[in-house]
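Engineer: Residue numbers (my numbering): 427 to 1050. Here a beta-carbon is modelled for each residue, glycine too, at the ideal position from N, C-alpha and C. Given the structure is predicted, the values throughout are model-derived calculations rather than measurements. Here it is: the structure, laid out below.
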């Protein structure tokens, strides 16, 4: 079937479409119902099915005689380490760590927070949770203590699994002190913290701490536990406009079915093919396309601990592709932009034979046409932009290389993926004409594998995503669909910004700034950046009685954000300004500020309260 036929079938006969897709998964009890729509908007896929995600990712391939095939390749230039795990070896380690967790009292439905760098043990911990029916929540390694504490309080884990440190380029970041402060701050206290000791920074152990190596050596391997298709597999926190993170919940059955379908149809990856997702396990790309999807289809996944540049050179991603025979690669546009900045002519590529790579997929942020053309000219293979989110779990719009490759239009992630009924609506909920910008939405029910709710907060799930337009999921992105059906995603319509593929809340940064005793009010906006896509800029109004050196105070505020949110916030530009432009109702005109900072000659809107305030900061905005 071609794209058009497949797409229409997914929308017109969704139950038949997803019944066929579900046949790629092994079930303990095959579902007799495909979609439970009895409680809209809380739809459930394969509601009476039973399975185990870890079994589908590991055990079934071994039972089919592929146990000696490569499952995971760990490539770490920052530690000069390369290790290959066969399916048999990976299952052995996963089963033993699952035994560690059960020995610590973790049972089906319990939560486990994982606070680790991109190392094999992070994937092993995730799969071990899935094996025993526990719910994992991976927190990006190095997140600040208070941000980790918020997630611990929300997920209430029985166990936290952490490493003693992570390595960012040439810097060693000790995780254990951050974890200790987080546990101290959190109202909920985990029973145990399992610590993977890394030689780069050995952690001091406390009363609740358990050594990873000692525990796994003494553990009894655990078997797979059947779970309901609708049981949660994981919680993944994503930024919200209020500054409070949202715990996206992914189920077991729909997740496994959807990811298998994408590997065949979007990424064109088959058993024994090698897929390299240059991401972090803490992000949704790491969950879906480092850990789960490649293993679910019996492929080989590459786990890379390093940077696109500086570890040690801008040819590292090409080295990984060449050494491990990568067929399909996936990374963020910002990775290419930073490689292009250091190696514009692609000189480092010449040292590596990447002839086995067929596709480069890019996602997590908008792919600008200049970067697309540079990559196409350099690599001579399809460079595929695709659009999806933490909430969706898999691509919403893409060029489906395993189904029917289509002509590429720069600036577009191509067409809606089967299962996703994308529309564009105006502020009043009316569909707009082709080519007209509006809010990008998806008609309910969402397909399998998308978020089912927010952890312990069904009301916020509805208010955040489903309340703006009845019967639709609000993606939070704006854009249009052209006359050929190509989707164009133009940017966020809220105050969540995208820094090098990482979604960050300006509200959280503003909260950190506003807590400083010298600050009267503040605003953080995302502005265009040639490398990272967007970077945050802060604007602070001081209290009248404050007499401080502005340079020193700005540096202090930058450090405050770094401490409370983490280095990933990347807020390094804070300007002290006399006032912030507002509407007469008191709302800060962030959209106008963003437009000016991005170079637009934006006039003062009619709703502005005092135009002189905007005129006063206009030169500061443009200076950025």
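In this structure, how does DSSP classify residue 962 when only helix, strand and coil are distinguished?
Structural biologist: strand
Engineer: Residues bridged to residue 899 by DSSP?
Structural biologist: 868
Engineer: Do residue 714 and residue 922 come within 8 Å of each other at the CB atom, strictly closer than that value?
Structural biologist: no
Engineer: Quick check on DSSP: helix, strand or coil for residue 685?
Structural biologist: Reduced to three states, the DSSP call for residue 685 is helix.
Engineer: Would residue 1042 count as contacting chain B if we go by Cβ distances under 8 Å?
Structural biologist: The question asks about chain B, but that chain is absent: this structure has only one protein chain.
Engineer: Once DSSP output is grouped into helix, strand and coil, what is the label at residue 455?
Structural biologist: strand
Engineer: Is the separation between the beta-carbon of residue 513 and that of residue 484 shorter than 8 Å?
Structural biologist: It is a contact, given that the beta carbons lie within the stated cut-off.
Engineer: Does DSSP put residue 591 in a helix, in a strand, or in coil?
Structural biologist: strand
Engineer: For residue 755, does the three-state DSSP call read helix, strand or coil?
Structural biologist: Correct three-state label for residue 755: strand.
Engineer: In the structure shown, what three-state DSSP assignment does residue 1051 receive?
Structural biologist: In this structure the chain extends from 427 to 1050, so residue 1051 is not present and cannot be described.
Engineer: Can you tell me where the beta strand (DSSP E) with residue 450 in it begins and where it stops?
Structural biologist: Here residue 450 belongs to no beta strand (DSSP E), and DSSP marks it neither H nor E.
Engineer: On the three-state DSSP scale, how would you describe residue 495?
Structural biologist: coil
Engineer: By DSSP, does residue 930 sit in helix, in strand, or in coil?
Structural biologist: Strand, per DSSP.
Engineer: For residue 547, count the other beta carbons within 10 Å of its own beta carbon; 16 or more makes it buried, fewer makes it exposed. Which is it?
Structural biologist: buried
Engineer: How about residue 759 and residue 797: are their beta carbons less than 8 Å apart?
Structural biologist: yes
Engineer: What residue does the alpha helix (DSSP H) around residue 562 start on, and which one ends it?
Structural biologist: It is not in any alpha helix (DSSP H) - residue 562 instead sits in the beta strand (DSSP E) that spans 561-564.
Engineer: I'd like to check one pair, residue 703 with residue 471: are the Cβ atoms closer than 8 Å?
Structural biologist: no
Engineer: My assumption, with CB atoms under 8 Å, is that residue 519 sits in contact with residue 499. Please give the rounded CB distance.
Structural biologist: Contact flag wrong, Cβ pair sits at about 15 Å.
Engineer: Within the chosen definition, does the segment 639-647 reach the segment 832-849 through at least 3 CB pairs nearer than 8 Å?
Structural biologist: no
Engineer: Can you tell me the Cα-Cα spacing of residue 964 and residue 954, whole angstroms?
Structural biologist: 14 Å
Engineer: Could you check whether residue 641 and residue 526 sit closer than 8 Å to each other, using their CB atoms as the reference points?
Structural biologist: yes
Engineer: What is the DSSP secondary structure of residue 884, reduced to helix, strand or coil?
Structural biologist: Collapsing the DSSP output to three states places residue 884 in a helix.
Engineer: Determine contact between the segment 473-490 and the segment 504-511, defined as no fewer than three beta-carbon pairs at a distance below 8 Å.
Structural biologist: Too few Cβ pairs lie closer than 8 Å, so no.
Engineer: What residue range does the alpha helix (DSSP H) around residue 924 cover?
Structural biologist: Not the alpha helix (DSSP H): residue 924 falls in the beta strand (DSSP E), residues 922-925.
Engineer: Pull up the distance between the alpha-carbon of residue 993 and that of residue 935, whole angstroms please.
Structural biologist: 12 Å
Engineer: In the structure shown, what three-state DSSP assignment does residue 471 receive?
Structural biologist: Three-state DSSP puts residue 471 in a strand.
Engineer: If distances are taken between C-alpha atoms only, which option among 971, 945, 864 and 523 comes closest to residue 851?
Structural biologist: 864
Engineer: Out of 695, 689 and 1024, state which residue places its alpha-carbon closest to the alpha-carbon of residue 753.
Structural biologist: If we check each option's Cα against that of residue 753, 695 comes out closest.
Engineer: From residue 437 to residue 933, what does the alpha carbon distance come to, in whole angstroms?
Structural biologist: 37 Å
Engineer: What does residue 947 pair with, by DSSP beta-bridge criteria?
Structural biologist: 967
Engineer: Nearest to residue 617 by CA position, among 587, 593, 799 and 892, is which residue?
Structural biologist: 587
Engineer: From which residue to which residue does the alpha helix (DSSP H) around residue 429 run?
Structural biologist: 429-438
Engineer: So the candidates are 815, 878, 880 and 984; which of them puts its Cα closest to the Cα of residue 928?
Structural biologist: 815
Engineer: In chain order, what are the residue ranges of uninterrupted beta strand (DSSP E) at least 3 long that sit wholly in the segment 525-572?
Structural biologist: 537-541 and 561-564
Engineer: Decide if residue 916 is buried, meaning its Cβ has at least 16 other Cβ atoms within 10 Å, or exposed.
Structural biologist: exposed
Engineer: Here's the rule I'm using: 16 or more other beta-carbon atoms within 10 Å means buried, otherwise exposed. How should residue 843 be labelled?
Structural biologist: Residue 843 is buried by the Cβ-count criterion.
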